[in-house]
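**Q**
Numbering (UniProt numbering), first residue to last: 1 to 282.
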């Protein structure tokens, strides 16, 4: 009768094989999760770099276009081209989160700065006109009215040629704007008028600070993997803010700021922020 000559595996070695398989089953998901974290982190870092460049391009466009939100929005969208994004994706993000895919807020110059330093009569480039040619006037809170009420300013009324509110020349002479030229002379004039350190009573800023364009970007970044999105949804905080809305949709909210000196007269545009116009899609 034939007998088997194959060696028998010792019981202790079989137990070791079972332990190794169990260890692999336990550690493999951990290794995969760690790999996903590395991939997501690299993707987020790359996206932040692109967003930084895009925000810089928007600030540069705004610095030379009197802070025109439309010009800045076009420059920002052009800077986003390296990313796998577009209006269709932005509309999807808005549908999922109930908030815009991205938003850029104009933090400075603030509205109070136009009350302190704003004048009418400065030339605004034709390409920097507001929606439908409407001037960004401040109405009853116009800067010259505020300055005249202070009593001590005297010669400040000669800073620019005044025009009736709501009127506008071919180069936007009816818009309220802050002078970008002769800042040192304007600063000295306000100090002589009694403004402490040349700071305006409404904004607390000097004319130098009022000529700095400061933008803040809030950008919803969808993760690459469903696992990361599920984790973000599970950890989403309550509230109605943009960060909470992004987290509930499983997105990461990237917030960045950029500041740049103005190279043109900052104009008081009606809009203080801009975001993607996804409603225009058909």
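Glycine residues also receive a C-beta, built at the ideal position from the N, C-alpha and C atoms.
Among all the DSSP beta bridges, which residues are the ones paired with residue 258?
**A** Stepping through the chain shown from its first residue, residue 258 is reached at position 258. Bridge partners of residue 258: 215.
**Q** Give me the Cβ distance between residue 232 and residue 247, rounded to the nearest whole Å; I'm assuming they're in contact under 8 Å.
**A** If you number the chain shown from 1, residue 232 lands on position 232. If you number the chain shown from 1, residue 247 lands on position 247. So it is a contact: roughly 5 Å between Cβ atoms.
**Q** Since residue 176 and residue 40 should fall inside the 8 Å C-beta cutoff, what is the C-beta to C-beta distance between them, to a whole number of angstroms?
**A** Stepping through the chain shown from its first residue, residue 176 is reached at position 176. Stepping through the chain shown from its first residue, residue 40 is reached at position 40. So it is not a contact: roughly 46 Å between Cβ atoms.
**Q** Should residue 104 be listed as close to the ligand GTP, given that the test is whether its C-beta is under 7 Å from any heavy atom?
**A** With respect to small molecules bound, the structure shown includes none, and the ligand GTP cannot be examined in it.
**Q** Report the rounded CA-to-CA distance for residue 80 versus residue 196, giving the unit in angstroms.
**A** To locate residue 80, count along the chain shown from 1; it is residue 80. To locate residue 196, count along the chain shown from 1; it is residue 196. Whole-angstrom Cα-Cα distance: 43 Å.
**Q** Within its chain, find whatever has a CB closer than 6 Å to the CB of residue 146; leave out the 5 residues flanking it on each side and keep chain order.
**A** Your numbering for residue 146 matches position 146 in the chain shown. In this prediction, residue 146 has a pLDDT of 38, which is less than 50 and means its spatial position is unreliable; nothing more can be read from the coordinates.
**Q** Going along the chain, which residues of its own chain have a beta-carbon closer than 6 Å to the beta-carbon of residue 210, five neighbours each way excluded?
**A** Against the chain shown, residue 210 aligns to sequence position 210. Cβ within range, chain order: 109, 113, 117, 178.
**Q** Can you give the Cα-Cα distance for residue 267 and residue 34, rounded to whole angstroms?
**A** If you number the chain shown from 1, residue 267 lands on position 267. If you number the chain shown from 1, residue 34 lands on position 34. Between residue 267 and residue 34, the C-alpha separation is close to 50 Å.
**Q** Cβ of residue 276 within 8 Å of Cβ of residue 42?
**A** Working through the chain shown from its first residue, we reach residue 276 at position 276. Working through the chain shown from its first residue, we reach residue 42 at position 42. Not closer than 8 Å, so no.
**Q** Please report the Cβ distance between residue 216 and residue 69, rounded to the nearest whole angstrom; I am assuming they are in contact, meaning their Cβ atoms lie under 8 Å.
**A** Along the chain shown, one-based indexing puts residue 216 at 216. Along the chain shown, one-based indexing puts residue 69 at 69. Rounded, the Cβ-Cβ distance is 13 Å, inconsistent with contact.
**Q** Quick one: what's got a C-beta closer than 6 Å to residue 105's C-beta in the same chain, skipping five residues either side?
**A** Locating residue 105 in the chain shown gives position 105, where the first residue counts as 1. Closer than 6 Å at Cβ, skipping near neighbours: 216, 273.
**Q** Which residue from 61, 185, 94 puts its Cα closest to that of residue 78?
**A** Position 78 of the chain shown, counting from 1, holds the residue named residue 78. When each option's Cα is compared against that of residue 78, the closest is 61.
**Q** Determine which residues share a DSSP beta bridge with residue 297 and list them.
**A** Residue numbering for the chain in the displayed model covers 1 to 282; residue 297 lies beyond these limits and cannot be assessed.
**Q** For the beta strand (DSSP E) holding residue 177, just list the boundary residues, first then last.
**A** On the chain shown, position 177 is the one that residue 177 refers to. Note, residue 177: beta strand (DSSP E), 176-178.
**Q** Quick check on this structure: which residue in 204, 181, 189, 251 has the alpha carbon closest to the alpha carbon of residue 227?
**A** In the chain shown, the residue the question calls residue 227 occupies position 227. Measuring from the Cα of residue 227, the nearest candidate turns out to be 251.
**Q** Quick one: measure Cβ to Cβ for residue 76 and residue 99, integer angstroms, because I've assumed they're closer than 8 Å.
**A** Translated into positions along the chain shown, residue 76 becomes position 76. Translated into positions along the chain shown, residue 99 becomes position 99. Not really, about 17 Å apart at Cβ, beyond 8 Å.
**Q** Near residue 260, what residues of its chain come up, given a Cβ to Cβ distance below 6 Å and the 5 sequence neighbours on each side ignored?
**A** For the purposes of this step, residue 260 is taken as residue 260 along the chain shown, with counting starting at 1. Cβ neighbours of residue 260 beyond the five flanking positions: 59, 63, 213.
**Q** Can you have a look at residue 192 and say buried or exposed, based on whether 16 or more other CB atoms are within 10 angstroms of its CB?
**A** In the chain shown, residue 192 corresponds to position 192, counting from 1. Residue 192 should be labelled exposed.
**Q** Report all residues from its chain with a CB closer than 8 Å to the CB of residue 159; omit the five preceding and five following residues, and keep chain order.
**A** Reading the chain shown from its first residue, position 159 is the one you call residue 159. Below a pLDDT of 50, predicted positions are generally treated as unreliable, and residue 159, at 38, falls in that range; the measurement from the model is reported next regardless. Correct list, in chain order: 119, 179, 186.
**Q** Leaving out five residues on either side along the sequence, give the residues of the same chain with a beta carbon under 8 Å from the beta carbon of residue 198.
**A** Taking the first residue of the chain shown as 1, we reach residue 198 at position 198. Cβ neighbours of residue 198 beyond the five flanking positions: 187, 188, 190, 191, 206, 207.
**Q** Is residue 93 near residue 222, with beta carbons less than 8 Å apart?
**A** Position 93 of the chain shown, counted from the start, is the residue given in the question as residue 93. Position 222 of the chain shown, counted from the start, is the residue given in the question as residue 222. Yes, they are a contact pair.
**Q** Given this structure, state the Cα-to-Cα distance separating residue 48 from residue 57, to the nearest angstrom.
**A** As a first step, residue 48 is located in the chain shown; it is residue number 48 there, counting from the start. As a first step, residue 57 is located in the chain shown; it is residue number 57 there, counting from the start. Cα-Cα distance, rounded: 14 Å.
**Q** Per DSSP, which one or two residues make a beta bridge with residue 65?
**A** Translated into positions along the chain shown, residue 65 becomes position 65. DSSP output for residue 65 lists no bridge partner at all.
**Q** In chain order, what residues of the same chain lie with their CB nearer than 8 Å to the CB of residue 50, ignoring the 5 residues before and after it?
**A** By one-based count along the chain shown, residue 50 stands at place 50. Once the five neighbours on either side are set aside, the close Cβ partners of residue 50 are 79, 80, 82, 83.
**Q** Mind checking whether residue 97 and residue 249 have CB atoms under 8 Å apart?
**A** Sequence index remark: in the chain shown, residue 97 carries index 97 (1-based). Sequence index remark: in the chain shown, residue 249 carries index 249 (1-based). Yes, these two residues count as a Cβ contact at 8 Å.
**Q** Tell me whether residue 67 is buried or exposed, calling it buried when 16 or more other Cβ atoms sit within 10 Å of its Cβ.
**A** Residue mapping note: residue 67 aligns to position 67 of the chain shown, counting from 1. So residue 67 ends up on the buried side.
**Q** Since residue 289 is in the alpha helix (DSSP H), which residue starts that stretch and which ends it?
**A** Because the chain here runs from 1 to 282, residue 289 falls outside it and cannot be looked at.
**Q** In chain order, what residues of the same chain lie with their CB nearer than 8 Å to the CB of residue 90, ignoring the 5 residues before and after it?
**A** For the purposes of this step, residue 90 is taken as the residue at position 90 of the chain shown. Contacts found: 100, 101, 102, 276, 278.
**Q** Buried or exposed for residue 240, going by 16 or more other Cβ atoms inside 10 Å?
**A** Position 240 of the chain shown, counted from the first residue, corresponds to residue 240. Answer is exposed; the Cβ neighbour count stays below 16.
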